[in-house]
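Here the sequence shown stands for residues -9 to 659, where the numbers follow the working numbering.
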Amino acid sequence: MVRVTPKTIKGPAPAPWMARKRGDYAQPPIVLAARRLFSNVIACLVLLLSLVTLAVLISQGMFARSVVSFNEQSMRQFWTPYGKSCLLDKYGFVPNRLAYTFGNPNATQHFSCSFELQNTTQGNTWSALGLIMAKQWTAELAKARTLFLTTCVIGASSSVGWGDLQFIAGYDGFPECLPTSGAQQVAGMAMLETTMRDSHPEGLYFLTMYSDLNPAMQTVQTYTNTDGTTAHLMANPSRTLVTLQGQAIHDNLGQDYTIYSYPLGPRYQVTESCQTQIEALAAFTATMAGWSQGKYSQHPIVPGWTCGHVVQNADELIVLQIVVFLAACVLLIRVTIFMKISDFTDIGLLMAREPTLTYRLLDGLERRKCLTLLMTLNALPSLLYLDVARIYYFTENGFKLWCLSVALVAVLFSFAFVFVLSCSDIIPVPQILHNVCGCYNATFFLYSAALTIVFACAGTDTSFRSAYNDFFAATPSLGLWLRGQTWPSGAYIAQGTPTVISRLTWQLCISVATAFATSLVVTALYRLCNGKRCVENASSIVLHAASSLLMATNWCSRNGFVSFVNPPTLLSSLPLDEAETSCVDLILSESYAKAMSRTRGEPSKPGSDDSLLFVVSIYAVIPAVYFTGLCWFPPRIFGRIVNGEFTATPDLYVNRTLRYRYEQGTLVH
């Protein structure tokens, strides 16, 4: 936004409606100008939103977190029936005895515990599991001499990638894996997985159990997650490790699913682990079709986990985040504070239907590489946040964390792409190509790329669920044999799991490429349909359509200021086309251009020459205007403008004894 007087226009080139002849200023379309002002305000909010999102993610414990992962007997939680064959007595699994399918006397007879089930584990482990269950369910076996064990599988499919085995014990018959008629009475539940301990590098089988008649297990405890939410757990579940030789070891740690991930390299290793629990479901039964409930305890229960993660050397990342965050905020404020003041000033001019000039803030980011780089670095930890967010698919705030992380990843890739494009000027090109330059709309690209990435990765929970399953589908050191193959089930190799970005690379690249291609097409169509060029006639200025799809930038070499700041040669979102040059009769000609990416300061002491302007970096405006006397290192003055003539000043700095004020714009030839 710039000041407009009856005889001169200072600043960026006016739109076609600005002037046709001296004293004849057409009025700007209010909707068009208001839309541009509103767009710049939104742009500032978007830039600030990425910083706020980062603060929210850190407050949610993205460097150290522990949350109960909700579980229930449903297909949504990947539960499927596996068998109704096992019988258990006080000696363990019923061996070599005929069993029958309860409730169906005409059913084909078969042996207790199918061979498929017995092959789930290696060595002598299966018989040891039967003895452990018989010992833990002694009180229940006193009520019913034989318990009926239904086996269920969680996962163990190509779409899930990992799996474990669940046992549901019934007093009078085989319970259902997927109950649909409310509570089903059970004697207990058990969950079989694998895990690792330092003393057993070969891996261990891990059995977690709940007993209906064990008094020590009937207390419901409230667990507070690190994000402030709460969950209800049954106290003192039985946890037992079983070696490959069949030796039972009582376990107090209860830890499995220890997985390593390296989204930011080995120095910032992410270590995820879970602790097995028995979840109390009383608060959720109103929304469930069916569940298992202790026949005598009347507690609705299901095996589950408390999962969390820690980030190695997290303190370094936090300090780095704070430094980059503050630096980005300082530069963002320096870049936008005067622009926003100008916006609000020109709103008054706009409402009074006086001529006003507009700009697109995001289009100028290519000339503000420092700010663009800091915004990119500020969003870089999103690679880590997205990697750990996928762990919490079955938690209360899991999808919110995923969406926020995806939004920050969208900012990262969008700004990184703009930064790479802005650095394309260092690529040497033939001199003949210095006269033209490709063009795209950075504002359109940034918005569309961010929205496309968010929609592709967080529009539904499909990507979230896939990322969750991929995480636990890492290479196992010891697995369970289910449905004819070995599945990861809690014990993993130390090399860790692939990062989530490696899984989403295709979606991210397609989203960015689509947004960029669309930006190119939209810009080309706009230029073909609405492109205008100013041409000086003998006594008037006329407009005609510009048919070229490339910007004509040969005039830049003739402009003192633009040639000084090295205009783009390959691709740019700046309106540097010859058609955008100022075109006010007798005063301005097509060789005038706006001084992009720089701001102006001028002496304001009495007697100073108002036509003398100094050019400083946009990041130095606030120190030069308000803190001149306090600056240890005075801002550098890149040049001076006198009566439209720009002169470079390589060794000139802001004078501490003078006062400067901000000038909204001027024209340079």
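Using N, Cα and C, we set each Cβ at its ideal position, and we do this for glycine too.
Predicted model only: the values in this text are computed from it and were never measured.
Asked	Found
CA-to-CA distance, L602 to D641, given in whole angstroms	18 Å
Residue environment, M541, which counts as buried when at least 16 other CB atoms sit within 10 Å	buried
Nearest-angstrom Cβ-Cβ length linking T489 and S263, presumed shorter than 8 Å	18 Å between Cβ atoms; not a contact.
Cβ-based burial, F157 [other Cβ within 10 Å; buried from 16]	buried
Spatial neighbours of V426 in its chain, beta-carbon cut-off 7 Å, leaving aside the 5 residues before and after	L540, M541, A542 and T543
Exposed unless 16 or more other CB atoms sit within 10 angstroms - verdict on M65	exposed
T647 to G634 span [Cα, whole Å]	26 Å
As assigned by DSSP and simplified to three states, the class of D451	coil
Segment limits, alpha helix (DSSP H) that includes W116	T115 to Q126
Y252 - DSSP class collapsed to helix/strand/coil	coil
Within 8 Å, strictly: CB atoms of M123 and L78	yes
Distance between A270 and Q211 (C-alpha atoms, nearest Å)	9 Å
Residue interval of the beta strand (DSSP E) (run including D641)	E635 to Y643
Three-state class that DSSP yields for I417 in the structure shown	coil
S553 to C546 span [Cα, whole Å]	6 Å
Residue of S287, F105, Q302 and V31 minimising C-alpha distance to E130	S287
Proximity below 8 Å, CB of Y195 to CB of C360	no
Start and end residues, beta strand (DSSP E) containing T266	V260 to A270
Distance, I491 Cα to V84 Cα	49 Å
Beta-carbon proximity list for G707, same chain, < 7 Å, skipping 5 on both sides	With the chain running from -9 to 659 in the structure shown, residue 707 is simply not present.
Inter-residue Cα distance where the pair is P420 and C413	17 Å
Continuous beta strand (DSSP E) assignments of at least 3 residues falling wholly in the segment 179 to 203	190 to 201
Backbone secondary structure at L661 - three-state DSSP	Residue 661 falls outside the range modelled here, since the chain spans only -9 to 659, and no answer is possible.
For L657, the three-state DSSP class (helix, strand or coil)	coil
Same chain, Cβ closer than 8 Å to A503, neighbours up to 5 away in sequence not counted	none
Residue range of the beta strand (DSSP E) that includes D79	W69 to D79
Assigned secondary structure, D241 (DSSP; H/G/I helix, E/B strand, else coil)	coil
Option nearest G354 by Cα separation, candidates L374, Y430, S372 and N387	Y430
Assigned secondary structure, A97 (DSSP; H/G/I helix, E/B strand, else coil)	Residue placement at A97 cannot be trusted, given a pLDDT of 40 that sits under 50; the coordinates are not used to answer.
Nearest candidate by alpha-carbon position, reference T261, set Y643, C499, P293 and Q485	Q485
Beta strand (DSSP E) segment containing W152, residue limits	Careful: W152 lies outside any beta strand (DSSP E) and carries neither H nor E.
Residues near L374 by beta carbon distance below 8 Å, same chain, minus five either side	M52, P253, L254, Y258, V260, V301 and L307
Cβ pair A379, A440 closer than 8 Å	no
Nearest residue (CA-CA) to L351, options T70, L564 and C103	L564
Proximity below 8 Å, CB of V182 to CB of L472	The sequence given here has Leu at residue 182, not Val. No; because the gap between Cβ atoms is not below 8 Å, this pair is not in contact.
Host beta strand (DSSP E) of S56 (start-end)	A54 to S59
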